[in-house]
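Below is one structure, written out as structure tokens, with a few remarks after it.
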Amino acid sequence: MIGRYRWLICSLLFAATTINYVDRQVLSLLKPLLEHKFAWSEKDYSYLVIVFQACYALGFVSFGKLIDRLGTRLGYALCMLVWSVASIGHAFVGGMASFAVVRGLLGFGEAGNFPSALKSVSEWFPARERSLAVGIVTAGTSIGAIMAPATVPWLAAQYGWQVAFIATGLSGFVWLAVWWGVYRLPEETRALSPDELRYIRQDRRDSDGPAFGGRWMDLLKVRATWAFAIGKFMTDPIWFFILFWLPSYFSDRYHLNLQHLGLPLMVVYCATSVGSVGGGWLSSFLIGRGWRVMAARRLTMLIMAAMVVPLAFSAQIHGMWMMVGLLSLAAAAHQGWSANIYSIPADHFPREMIASVQGIGGLAGSIGGMIFPFGVGLLLDHYRHLNDINMGYSILFAVCGSAYILAWLIIQILNGRDLFPRNCLAGWRKRMPRRRHAVSGA
């Protein structure tokens, strides 16, 4: 019987990602309170988002390569330490400049989460389970986004906004102690059975890929790198927009105060956890039915991209709960998309290069995440002055609704392969039960 120790590792990665997204959500949830306290405009807040994204991009540049050198155990621990200290630091600042400093440090440390987590998945899971494991890990973003509105407004209301930052930051140190005691490579883990180790290593690629010499310029010569990076560039900003502006959107359009924001936000983010696991499960299911790995990923990503399209028609939606449903569908689809796009580097590259490729994709996503918030801030300030803030959000949601389909098409062009290769269809037919052809009668 194959053991299940790898799922314990997956649960640790899930927990770290949850903490990651709780910590980054605190500021957006407290935005209505803090912008009143410190007299921030939409443009001021967009600058804080841009600083976070800029340092997030710098963190990908730094941590992607560093994690490949140090290994996931030490690299992940270092990332968690940096961003937990930064999260707590928010409680001890009071001006725009000082908020920007701690926000930048938070972004820098948090950038190491996904390169570390996804490299860990590549070390602990075979290809057929990889997207499901990634889906579970990325579901941590959803659970973190659910936990934050469930706890942060309450903490701020009961004990003050500073306590909200301190309490969430301390959770990282608890995780750090568990991680350091538990995590090793499969080959170094005594609790791992020989059968499970063989299962994990069944399709391991260590150095069977192209020789890149460890340089980013060599990785940039590979089309799979560009497909991954452009997909991240075009879709990561949409997720960050949902994270950083959704509380403000509900406040602006439906006049919800801090204490009433939690329920609609929790509904949206609950849906994302379903999308994350469901998107990972779907491609794993297709692979198990005989589809080629990349064909299964592409079809799943196309389905997820199509699910975001209705968001473009948000201007015609007036009821709050109808809009919550539309946002829930789009956010769930993003997470299903992410569960598959995050698997691309592990599908194409040896494990000693995976964190570096993830770093390149994360850098591209962060650059998009810097450009988009600047436009968001200008657009919303413009329409706020015209007393038509809803039009500003409608334009933004139209952009969100079209981004995934366009990104999917570009990925297909870069990959230069058919969506449904003959091999995968042949494998599907072999596994499907035969049906008797009924004789039609008049």
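Residues 942 to 1383 in the working numbering are what the sequence shown lists, from first letter to last. From the three backbone atoms N, C-alpha and C, an ideal C-beta is built for every residue, glycine too. No experiment lies behind these values; they were computed from the predicted model shown.
Own chain, CB closer than 6 Å to residue i, minus 5 neighbours either side, in chain order
i: S1279; result: T1079
i: A1074; result: C951, V1062 and F1066
i: D1288; result: V1234
i: V1250; result: G1342
i: T1213; result: S1083, A1272, A1273 and Q1276
i: W1180; result: H1275
i: Y1195; result: M1261
i: L1355; result: R1164, W1167 and A1168
i: P1178; result: G1309, G1310 and F1313
i: Q1143; result: P1067
Three-state class that DSSP yields for residue i in the structure shown
i: I943; result: coil
i: V1380; result: Because V1380 carries a pLDDT of 32, less than 50, the predicted location of this residue cannot be relied on, and no value is offered for it.
i: T1130; result: coil
i: S982; result: coil
i: P1067; result: coil
i: V1062; result: helix
i: V1093; result: helix
i: A1339; result: helix
i: Y1124; result: coil
i: G1081; result: helix
i: V1042; result: helix
i: A1052; result: coil
i: Q994; result: helix
i: R1142; result: coil
i: V926; result: Here the chain has residues from 942 to 1383 only, and residue 926 is not among them.
i: L953; result: helix
i: L975; result: helix
i: V1034; result: coil
i: I1354; result: helix
i: G1076; result: helix
i: G1012; result: coil
i: G912; result: Only positions 942 to 1383 of the chain appear in the structure, and residue 912 is not among them; the question remains open.
Residue i and residue j closer than 8 Å at C-beta
i: R1014; j: Y946; result: no
i: A1108; j: I1285; result: no
i: V1023; j: G1050; result: yes
i: A1086; j: L949; result: no
i: D1322; j: K984; result: yes
i: I1308; j: F1226; result: no
i: A1296; j: K1060; result: yes
i: S1282; j: G1172; result: The identity of residue 1282 in the sequence shown is Ile, whereas the question assumes Ser. Yes. Within cutoff.
i: W1167; j: A1018; result: no
i: V1209; j: S1255; result: no
i: A956; j: G1036; result: no
i: G1277; j: G1220; result: yes
i: F993; j: G1048; result: yes
i: A1344; j: T1176; result: yes
i: I1346; j: L1320; result: no
i: S982; j: V1317; result: no
i: E1137; j: G944; result: yes
i: W1349; j: L1243; result: yes
i: Y962; j: Y1190; result: no
i: F1055; j: Q1299; result: yes
i: F1033; j: L989; result: no
i: F1001; j: G1303; result: yes
i: A1339; j: A1253; result: yes
i: P1291; j: L970; result: no
i: S1224; j: S1003; result: no
i: A1097; j: G1203; result: no
Contact set for residue i: own chain, Cβ-Cβ below 8 Å, skip 5 residues either direction
i: V967; result: S1028, H1031, A1089, V1093, A1105, F1106 and T1109
i: L1111; result: S1025 and I1029
i: V1265; result: P1205, V1208 and V1209
i: L975; result: L968, W981 and W1102
i: A995; result: G1045, G1048, S1307 and M1311
i: G1229; result: R1069
Chain-order list of residues whose beta-carbon lies under 7 Å from that of residue i (same chain, five-residue window excluded)
i: A1058; result: L954, A957, T958 and V1078
i: G991; result: Reading off the sequence shown, one finds Ile at residue 991, where the question assumed Gly. M1311, P1314 and F1315.
i: W1116; result: A956, A957, I960 and M1021
i: P1127; result: E1064, W1065, L1133, L1138 and I1141
i: V1218; result: G1076, I1077 and A1080
i: W1186; result: V1317
Heavy atom of the ligand ADP within 7 Å of residue i beta-carbon
i: G1122; result: With respect to the ligand ADP, the structure shown offers nothing to examine, as it has no ligands at all.
Could you give the uninterrupted runs of the alpha helix (DSSP H) lying entirely in the segment 1251-1334, keeping only those of 4 residues or more? 1261-1282, 1285-1289 and 1292-1326
Would you list, in sequence order, the uninterrupted alpha helix (DSSP H) runs of no fewer than 4 residues that lie entirely inside the segment 1162-1245? Correct list: 1164-1195 and 1203-1229.
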